[in-house]
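**Q** Numbering-wise, numbering that gives the first Met the number 0 puts 230 at position 231 of the sequence shown, and it's gapless, one number per residue.
Built from N, CA and C at the ideal position, the CB exists for glycine as well.
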Amino acid sequence: MEVRRQYLEFLLLLLVFPAASWKYVYVSYSLNWNAARLYCTTNYTDLAPVSNEHDQAFLINFTGYYWIGLMRNTENRKMWEWSGGAELSKTFWDLGEPNGFYIGEEVVVIHSGFWHDIGPSQSCTFFCYKVHAIRQRKTWYEALDYCRQNHQDLASVASETEMMLIGKELRKGLSSQNIWIGLQFLDNKWLWMDGQTFNYESWGPNPKLTCPNIDQACGAVRVNGKVQILRVLPKDKHESTLDSAASSTLADQHGNSGKYVYERLRLNWLQAQTYCRTNHTDLASIDSLYDLSLIPELRPNIGSWSWIGLEKTSESKSGWKWSGGTDMSLEKQFWAVGEPNNANNVEDKGGIWNAYANSFWVDAQGTSLSAFFCYKVNAIREKKTWYEALDYCRENHKDLASVASETEMMHIQRELEKQLSRFNVWIGLQFLAGEWVWVDGQPFRYEFWGSKAFVQLLTNRVERYKWRE
């Protein structure tokens, strides 16, 4: 199916509880179970289900007693089911529960992540589950950007219960429309964009689908509660001005600092490299104090590490190279104390430790799962003067691109080879007060001039991947 301009409604889970899991809404009213459920079905979707360990890990932080949507099956008292429909797929009973200690313990509260059966007449605060269907026609990538900018992420569907709740929400107003969800085919497997484990599937009568082209990002849409695969092409690339494109995501969600994009999806190193090359340009090379200073802007998970494009090689004097193909410099290294230590003789890839004030490189085993940083270049194919290009990039993205290293130069070459061929492309280099400066403020330490450098004030381009004025 041709979907270059394939527009579908799309589904997202609305972020309505600050610093919380995006699908839960905490309600501070103290109500009995039936009144709590009525409140949730009236104002949101239903009382909250707990679908997997991901949900439980979030709720374990709440030490009170809160209603969730779990109740006894009226026909078989030994069985439990969710108020939204479907039987349990995972259980998180506390020790000795359910005990039916009092007559009529037909419903469930959650306490510090674990379940207790109690009577429905007691009063508790509670969690609702919220699905928000956005009736706007967008491509899958546009929907992803919209959700990350305005809410949290395109929806993941973690269980049969969530599938039924989503169906319930769609029947309210969207009928049989196709709906984008946050499912992408990458590295020969399906992944949820929000990083949840892919352990629930609902492909309908057909066998599990694979992407028609493993090199192409593929989105999944949900049709009347089933999943149908559609081939999704990348965002249309604008051309002829080179800028360090900002991702459409806010810094407090999937952060961007201009040239870097922080992705919270947990992948191994090779999967992260594939993801970055498919959706951005490559895994990030972070090899200067200026680059390290950008990390806090991206708001990564503090006290953890994330993949960057550093891998071990025997062909480099430093023993390491960047994903873009260049050797790691012997002069500029930013290893944490005691790193690289090659623990257990298996740590062959590089990551960056996300501290509160400082960030440093660490080595790690390439099969480990972690969030990661991508490097992003966007080539804009519009003819503009240098000043017009500068204004455009600052208004629509971050800034005209700087080229801070040989690795970034190679990334840019690769991006230009994809789409621009022989066109000259503006970069953010300006001659001021007798010296060259990058307009984004980073130090001018790397140069790549062509054989003919005729100095003409304020005109700067890349031609054949070498700089000319």
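With the cut-off set at 7 Å, would you say D439 and S401 are in Cβ contact?
**A** Result yes, Cβ atoms of D439 and S401 sit closer than 7 Å.
**Q** Considering only their Cβ atoms, is the gap separating T62 from S111 smaller than 7 Å?
**A** Yes, these two residues count as a Cβ contact at 7 Å.
**Q** Tell me whether the beta-carbon of D193 lies closer than 7 Å to the beta-carbon of S158.
**A** Going by C-beta atoms, D193 is not nearer than 7 Å to S158.
**Q** Could you tell me if V345 is buried or exposed, where buried requires 16 or more neighbouring beta carbons within 10 angstroms of its beta carbon?
**A** Result: exposed.
**Q** Between which residues of its own chain and C275 is the CB-CB distance below 6 Å, once the five residues before and five after are set aside?
**A** Contacts found: D281, L282, C373.
**Q** Compute the distance between the beta-carbons of W334 and W306, then report whether it is under 7 Å.
**A** No, the pair does not count as a contact, with Cβ atoms beyond the cut-off.
**Q** Name the two residues that bound the continuous alpha helix (DSSP H) containing L37.
**A** Where L37 is concerned, the enclosing alpha helix (DSSP H) stretches over 32–42.
**Q** Taking DSSP as the reference, what is the three-state secondary structure of H53?
**A** The answer is helix: DSSP assigns H53 an H, G or I state.
**Q** Can you tell me whether S247 is buried or exposed? The criterion is at least 16 other CB atoms within 10 Å of its CB, across all chains shown.
**A** Note that S247 scores a pLDDT of 21, beneath 50, so its modelled location is shaky; the value from the coordinates is reported in the next line. Buried, since its Cβ has 16 or more Cβ neighbours within 10 Å.
**Q** Would you mind stating whether F475 and V26 have Cβ atoms separated by less than 7 Å?
**A** The structure shown does not extend to residue 475, since the chain spans only 0 to 468, so no value can be given for it.
**Q** Specify the secondary structure class of N149 as computed by DSSP and reduced to three states.
**A** Helix, per DSSP.
**Q** How many whole angstroms separate the CB atoms of A378 and V424, which I take to be in contact at a CB cut-off of 8 Å?
**A** With 8 Å as the limit, A378 and V424 qualify as a contact, their Cβ atoms being about 7 Å apart.
**Q** Among W191, S284, N341, which residue has its Cα nearest to the Cα of L143?
**A** It is W191.
**Q** Straight-line CA distance for S88 to G427?
**A** Cα-Cα distance, rounded: 54 Å.
**Q** Run through the region 256–301 for me and flag every whole beta strand (DSSP E) of 3 or more residues, listed as ranges in chain order.
**A** For the region 256–301, whole beta strand (DSSP E) runs of length 3 or above, ordered along the chain, are 259–266.
**Q** List the DSSP bridge partners of I351.
**A** BP columns for I351 point to S305, W360.
**Q** Please classify A35: is it buried, with 16 or more other beta-carbons within 10 angstroms of its beta-carbon, or exposed?
**A** Counting Cβ neighbours within 10 Å, A35 comes out buried, since at least 16 surround it.
**Q** Count the CB pairs spanning the region 37–44 and the region 127–136 that are closer than 8 Å, and state whether there are at least three.
**A** A contact exists between the region 37–44 and the region 127–136.
**Q** Taking only the alpha-carbon atoms, compute the straight-line gap between H279 and K375 and give it to the nearest angstrom.
**A** The straight-line gap from Cα to Cα measures roughly 5 Å.
**Q** What residue does the alpha helix (DSSP H) around N395 start on, and which one ends it?
**A** Taken as a continuous stretch (DSSP letters only), the alpha helix (DSSP H) holding N395 covers 385–395.
**Q** Quick check on S243: buried or exposed, where buried means 16 or more other Cβ atoms within 10 Å of its Cβ?
**A** Any reading at S243 must be qualified, since the residue scores a pLDDT of 30, below 50, and its modelled position is unreliable; the value itself is stated next. By the neighbour-count rule (16 or more Cβ atoms within 10 Å), S243 is buried.
**Q** Do you know how far the Cα of H150 is from the Cα of L169?
**A** Roughly 19 Å between the two C-alpha positions.
**Q** Going by the DSSP bridge assignment, what does T124 pair with across the sheet?
**A** Answer is Y65, bridged to T124.
**Q** In whole angstroms, give me the CA-to-CA distance for L69 and S82.
**A** Going by the C-alpha atoms only, they are around 6 Å apart.
**Q** Does the distance from the CB of W304 to the CB of V260 come in under 7 Å?
**A** No, the Cβ-Cβ distance between W304 and V260 is not below 7 Å.
**Q** Can you say whether A56 is buried or exposed, counting buried as having 16 or more other CB atoms within 10 angstroms of its CB?
**A** Burial call: exposed.
**Q** Looking at C-alpha atoms only, which residue of M162, N33, D286 is the closest neighbour of V108?
**A** If we check each option's Cα against that of V108, N33 comes out closest.
**Q** Evaluate H253 with the Cβ neighbour count: other Cβ atoms within 10 Å of its Cβ, from every protein chain shown; 16 or more gives buried, anything less gives exposed.
**A** Residue confidence is low: H253 scores 34 on pLDDT, short of 50, so the model does not pin down where it sits. Its coordinate-derived value is still stated next. Label assigned to H253: buried.
**Q** If distances are taken between C-alpha atoms only, which option among H131, I102, D54, C123 comes closest to Y43?
**A** The shortest C-alpha separation from Y43 is found at H131.
**Q** Alpha carbon to alpha carbon, how far is Q183 from F197? Give it in angstroms, no decimals.
**A** Computed Cα separation, rounded: 11 Å.
**Q** Expressed to the nearest angstrom, what Euclidean distance is found between the alpha-carbon atoms of Y386 and Q429?
**A** Using only the alpha carbons, I get a separation of about 10 Å.
**Q** Under a Cβ-count criterion, where at least 16 other Cβ atoms within 10 Å of its own Cβ denotes burial, should T160 be classed as buried or exposed?
**A** Looking at its Cβ environment, which holds 16 or more other Cβ atoms inside 10 Å, T160 is buried.
**Q** Check this for me: beta carbons of G324 and K348, under 7 Å apart or not?
**A** No, the Cβ-Cβ distance between G324 and K348 is not below 7 Å.
**Q** Excluding sequence positions up to five away, which residues of its chain have a Cβ less than 7 Å from the Cβ of E414?
**A** Closer than 7 Å at Cβ, skipping near neighbours: T280, V376, A378.
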